[in-house]
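My numbering puts the first residue of the sequence shown at 9, with every later residue one more than the last. For each residue, glycine too, the CB sits at the ideal point set by N, CA and C. Written out below as C-alpha cells is the structure these notes cover.
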Amino acid sequence: MLTETPPRKANRAEFLESDRIKTLDLPQNGCWKTCAKAIESAMKAGTSADVRRACADFLAATSEFYRTPTCAVRVLAARPLRVRENWATELFGDYNPETMLIRVWMRTAVRKEITSFGTFLSTLCHEFCHHLDFQRFGYPDSWHTRGFYERTAALYHHARGTAPKRLFWVPTADGRWRIDWPRTNRGA
Ligand SMILES: [Zn+2]
C-alpha cells in the first residue's frame with residue numbers, strides 16, 4: 009500500500025486531515041460481522057445475486073451507522089475493462105462518487121482466479137471508505153492517505169472479527185508513504 013502525493017494547493021488541508029484521522033467509530037455489536045459472514049457463505053455456496061444481496065446488507069448497515077446515504081453495490085463476475093481508479097492495488101473494486109455506486113468483482117482480470125473472501129471484504133471496506141470520505145467527512149476528493157488505509161483496516165478488522173494490526177509506515181523518496189510489511193506483520 010502506497011499513499012498519494014499531497015496536492016500542492018487546492019484541497020491540501022483536507023488531504024492532511026484525511027492523513028491524520030486514523031480511527032473510525034465502530035459499533036458495539038457484532039452486526040457487521042454477521043453481515044460479513046453472510047458474504048463469505050454466499051461466496052462459497054451461493055450465486056452472484058446472493059453475494060450482491062449480502063454486500064448490500066453489509067453496506068446498508070455501515071451506511072446507517074455512519075448516517076450517510078446508502079451506497080449501491082454491483083457484484084461483477086470479472087473486472088470490467090474500464091476502471092475508475094488506476095491504482096495497482098485497486099484490482100478488485102471501484103467507487104463512483106457521483107452515483108455512489110460501489111462495484112466489486114469476484115475474479116482477477118488476468119488469470120481469472122476467484123478473489124479470496126479476505127481480499128473481497130477488504131476491497132468492499134476500501135470502497136466504502138471512499139464513500140465515507142465524500143459523504144461523512146465532506147471531502148471534495150478521496151485520497152489514499154495513511155489515515156485512509158488505517159480507517160479501512162479498522163473497518164475490515166471489525167467486520168472480520170480479527171485483531172487490528174498497527175501499521176508501520178516508511179517515507180518514500182518522493183514524499184509518499186508505504187507500509188513496512190515486515191514490521192507491520194511483526195508488530196514492532
Ligand atoms: Zn481506492
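Between residue i and residue j, is the Cβ-Cβ spacing less than 8 angstroms?
i: residue 76; j: residue 40; result: no
i: residue 189; j: residue 154; result: no
i: residue 100; j: residue 55; result: no
i: residue 35; j: residue 23; result: no
i: residue 73; j: residue 44; result: no
i: residue 31; j: residue 185; result: no
i: residue 79; j: residue 108; result: yes
What does a CB cutoff of less than 7 angstroms around residue i pick up in its chain, not counting 5 residues either side in sequence?
i: residue 183; result: 13
i: residue 172; result: 161, 162 and 165
i: residue 169; result: 41
i: residue 64; result: 81
i: residue 143; result: 76 and 77
Which residue's Cα is closest to the Cα of residue i: the options?
i: residue 20; options: 192, 130, 150 and 178; result: 150
i: residue 193; options: 79, 180, 174 and 158; result: 174
i: residue 86; options: 17, 121 and 104; result: 121
i: residue 27; options: 123, 145, 59 and 115; result: 145
Below 6 angstroms CB to CB, which residues in the same chain sit around residue i once its five sequence neighbours on both sides are set aside?
i: residue 133; result: 160, 163 and 164
i: residue 191; result: 176
i: residue 96; result: Below a pLDDT of 50, predicted positions are generally treated as unreliable, and residue 96, at 46, falls in that range; no measurement from the model is reported.
Given the structure, does residue i come close to ligand 2, in the sense that its CB is under 7 angstroms from one of the ligand's heavy atoms?
i: residue 134; result: Ligand 2 is not among the ligands present in this structure, which contains only ligand 1.
Got a sec? Which residues, its chain only, sit under 8 angstroms from residue i by beta carbon, not counting five neighbours each side?
i: residue 195; result: 173 and 174
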